[in-house]
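Trainee: Okay, here's the structure, questions in a sec.
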Amino acid sequence: MRERFVYLDHASTTPVRPEVLEAMLPYFTQKYGNASSLYSIGRESKKAMEEARIKVAAALGAQPGEIYFTGSGTEADNWAIKGAAYANRKKGKHIITSAIEHHAVLHTCQYLEREGFEVTYLPVNEKGLVSPDDVRAAIRDDTVLISIMFANNEIGTIQPIAEIGKIAGEKGVYFHTDAVQAVGNVEINVSGMGIDLLSLSGHKFYGPKGVGALYVRKGVKITSFMHGGGQERGRRASTENIPAIVGLGKAIELATLDMEERNQKLIALRDRTINEVLKRIPHVRLNGDRQRRLPGNVNFSFEYIEGESLLLMLDMKGIAASSGSACTSGSLDPSHVLLAIGLPHEVAHGSLRLTFGEENTQEDVDYLLEVLPGIVERLRAMSPLYEEKEGSQCTVKK
Ligand SMILES: *Cc1c(COP(=O)(O)O)cnc(C)c1O
C-alpha cells in the first residue's frame with residue numbers, strides 16, 4: 016500500500032468537482048430526454064444545454080449564439096482549423112501557427128499541408144514566447160488563419176494573445192486560439208482580445224472528459240464539422256451529450272467564480288516548488304517564463320537524468336507527474352516544445368512537469384521536496400553520463 020497519493024498532473028486532466036457531478040447526474044437518469052424532442056423531458060434537456068451555453072459564453076465575454084459544443088478540445092481545434100481553412104479557400108491557403116502548439120493543432124496543420132495548404136510554424140524564444148512581430152511579418156495576402164495557443168500545456172507560457180489578436184484584426188485574418196489550458200486559469204475576453212475562434216475542454220477545469228466547446232465569433236466563416244442532423248445550428252450534427260454539457264457549464268462557472276482565490280493558492284505552491292527545487296538540487300533548469308506562466312505549472316529539466324525513470328520513481332512514492340505531454344510519454348522522442356525553446360535532446364529527455372490543482376496543499380509540496388532530491392541523486396548515481404566530483408562539480412563523460 017502506498018502511504019499517500021499526490022496528484023501533480025492537472026494539465027493532463029483534473030478530477031470532476033463534486034458539484035459538477037451532482038449537476039450532471041439527473042441527466043443520466045430521470046432527465047434523459049433528447050434535446051431535439053418536443054415533449055417535456057426533451058425540452059428540459061434543451062433548456063439545460065442552453066443554460067450551459069450561457070455560462071460558457073459568460074466566461075469568455077461572448078454571446079451564447081457564438082458557442083458550439085464539441086466532443087473534446089481536440090475536436091474544437093480540428094474544427095476551427097480545418098473549418099476556417101476549407102471555408103476560406105478562395106481567399107488563400109496559408110496558415111500561421113507556432114512550433115509549440117498541442118498536437119491537436121500541429122497534426123491538423125500537417126494534415127492540411129498534405130491537402131495543399133501552406134503552414135508557417137513560427138519559432139518561440141527561450142521562454143516559449145511567440146513574438147507578435149513575427150506574426151505580423153508572416154502574414155501574406157493569402158493567409159486565412161492564425162492559430163496560436165493561449166497558454167502552453169507543457170511549460171505554461173502565456174502568449175501575448177491580445178497583441179496577436181490586434182494584428183490579426185488589422186490585417187483581416189482570422190485568429191484562433193487553443194485556450195484549453197487557459198480557461199479557468201487566466202482572464203479571457205474574446206472581443207477585447209481580438210479572438211475569432213477559441214477552443215476549450217471540460218476536463219482541464221474540473222469538468223467531465225469528452226466534452227469541449229468552440230467559440231466562433233458571429234460572422235466568421237467556417238465549414239460544418241459533422242454532417243447529419245440539425246444540432247448546433249446545423250454545424251455540428253449528432254445528439255448532444257447533455258450530462259457532459261451540463262457538467263461543462265457548471266465547471267466553467269465555478270472555475271471562473273473562484274479563479275482569483277485559486278490562482279493565489281496555486282502560485283504559492285508553484286513558486287515555492289520552483290524556488291526550493293532550484294536551491295536544493297544541482298544541475299536543474301526551469302523551463303518556461305518565470306512570470307508569464309500558468310499559475311499551477313512547473314517544468315524542470317534535470318541534467319543527466321531520464322525523465323521516464325524519474326516518473327516511475329515518483330510514482331512508486333505515490334506522486335503522479337508527467338515528463339512533458341502525456342501523449343508522447345512512452346515514446347523516446349523528446350518533447351517538441353522543449354526542443355523549440357532550445358534544449359538539447361539529452362536535457363529535454365530529463366524533464367519533469369508538475370501541475371498543481373485546487374486540491375493540492377503545501378503538505379503536498381513538503382512531501383515532493385522530501386522525496387525528489389533523493390530520487391534525482393539516486394538516478395544520477397546510476398547514470399553513465401554523470402560523475403560527481405568533490406560534491407558539486409560534475410563532468411560529462413564523452
Ligand atoms: C488537453 C489539451 C488539448 C486536448 O483536449 P482534449 O479535450 O483532451 O481533446 C488540446 N490543447 C491543449 C493545449 C491541451 O492541453
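For reference, each letter of the sequence shown is one residue, going 16 to 413 in this note's numbering.
We put the CB at the ideal spot given by N, CA and C, even for glycine.
Here the structure is a predicted model, which means the values were calculated and not measured.
Could you have a look at H25 and say whether DSSP puts it in helix, strand or coil?
Mentor: Looking up residue 25 in the sequence shown gives position 10. In this structure, H25 counts as coil in the three-state DSSP scheme.
Trainee: Opposite R300 in the DSSP bridges: which residues?
Mentor: As a working mapping, residue 300 is identified with position 285 in the sequence shown. Answer is S316, bridged to R300.
Trainee: Distance check for V226 and C124, CA to CA, integer angstroms please.
Mentor: Within the sequence shown, numbered from 1, the residue matching residue 124 stands at position 109. Within the sequence shown, numbered from 1, the residue matching residue 226 stands at position 211. Rounded to whole angstroms, C124 to V226 spans 22 Å at the Cα level.
Trainee: Curious, which full-length alpha helix (DSSP H) runs of at least 4 residues does the region 134-202 contain?
Mentor: Listed in chain order, the complete alpha helix (DSSP H) runs (minimum 4 residues) inside the region 134-202 are 147-153, 176-186.
Trainee: Alpha helix (DSSP H) containing A63: first to last residue?
Mentor: Within the sequence shown, residue 63 is the residue found at index 48, counting from 1. It spans 55-75 - the alpha helix (DSSP H) in which A63 sits, taken as one unbroken run.
Trainee: Pick helix, strand or coil for T343, following the three-state DSSP scheme.
Mentor: Numbered from 1 along the sequence shown, position 328 holds the residue referred to as residue 343. The pLDDT assigned to T343 is 47, lower than 50, so where the model puts this residue is not dependable; a value taken from the coordinates is nonetheless given after this. T343: coil per DSSP, three-state reduction.
Trainee: Does the distance from the C-beta atom of H117 to that of S162 stay below 8 Å?
Mentor: On the sequence shown, position 102 is the one that residue 117 refers to. On the sequence shown, position 147 is the one that residue 162 refers to. Cβ atoms of H117 and S162: not closer than 8 Å.
Trainee: Nearest CA to the CA of L213: which residue from F220, Q196, N49?
Mentor: Taking the sequence shown and counting its residues from 1, the one referred to as residue 213 is at position 198. With distances taken between Cα atoms, L213 lies closest to Q196.
Trainee: Let me confirm a value: S340 is counted as buried when at least 16 other C-beta atoms fall within 10 Å, else exposed. Which label applies?
Mentor: Here residue 340 is taken as the residue at index 325 of the sequence shown, counted from 1. Because S340 carries a pLDDT of 43, less than 50, the predicted location of this residue cannot be relied on, and no value is offered for it.
Trainee: Measuring straight from C-alpha to C-alpha, what distance separates G245 and R251?
Mentor: If you number the sequence shown from 1, residue 245 lands on position 230. If you number the sequence shown from 1, residue 251 lands on position 236. The straight-line gap from Cα to Cα measures roughly 8 Å.
Trainee: Assuming V31 and P297 form a contact by the criterion Cβ under 8 Å, report the distance between their Cβ atoms to the nearest whole angstrom.
Mentor: The sequence position of residue 31 within the sequence shown is 16, counting from 1. The sequence position of residue 297 within the sequence shown is 282, counting from 1. No, V31 and P297 are not in contact; Cβ-Cβ is about 40 Å, not under 8 Å.
Trainee: Can you check whether the CB of A67 is closer than 8 Å to the CB of I203?
Mentor: Position 188 of the sequence shown, counted from the first residue, corresponds to residue 203. Position 52 of the sequence shown, counted from the first residue, corresponds to residue 67. Their beta carbons are not under 8 Å apart, which means I203 does not touch A67 by this criterion.
Trainee: Looking at the structure shown, is M241 part of a helix, part of a strand, or coil, going by DSSP?
Mentor: Indexing the sequence shown from 1 puts residue 241 at position 226. Correct three-state label for M241: strand.
Trainee: Please name the residue in T254, A336, S253 whose C-alpha comes closest to that of E323.
Mentor: Taking the sequence shown and counting its residues from 1, the one referred to as residue 323 is at position 308. The residue with the shortest Cα to Cα distance from E323 is A336.
Trainee: Report yes if the C-beta distance between P138 and A153 is below 8 Å; otherwise report no.
Mentor: Within the sequence shown, residue 138 is the residue found at index 123, counting from 1. Within the sequence shown, residue 153 is the residue found at index 138, counting from 1. Going by C-beta atoms, P138 is not nearer than 8 Å to A153.
Trainee: Which residues does DSSP list as the beta-bridge partners of T112?
Mentor: In the sequence shown, counting from the first residue as 1, residue 112 sits at position 97. Paired residues: Y136, S162.
Trainee: I need the DSSP call for A119, collapsed to helix, strand or coil.
Mentor: Residue 119 sits at position 104 when you count from the first residue of the sequence shown. Of the three classes helix, strand and coil, the one that applies to A119 here is helix, per DSSP.
Trainee: By a C-beta neighbour count over all protein chains shown, 10 Å radius and 16 as the cutoff for buried, is D211 buried or exposed?
Mentor: As a working mapping, residue 211 is identified with position 196 in the sequence shown. Looking at its Cβ environment, which holds 16 or more other Cβ atoms inside 10 Å, D211 is buried.
Trainee: Assign V292 to one of three DSSP states: helix, strand, or coil.
Mentor: To locate residue 292, count along the sequence shown from 1; it is residue 277. The answer is helix: DSSP assigns V292 an H, G or I state.
Trainee: Who are T89's beta bridge partners in DSSP?
Mentor: Position 74 of the sequence shown, counted from the first residue, corresponds to residue 89. For T89, which the question treats as bridged, DSSP gives no partner whatsoever.
Trainee: Residue range of the beta strand (DSSP E) that A228 falls in?
Mentor: In the sequence shown, counting from the first residue as 1, residue 228 sits at position 213. Unbroken beta strand (DSSP E) run through A228: 227-231.
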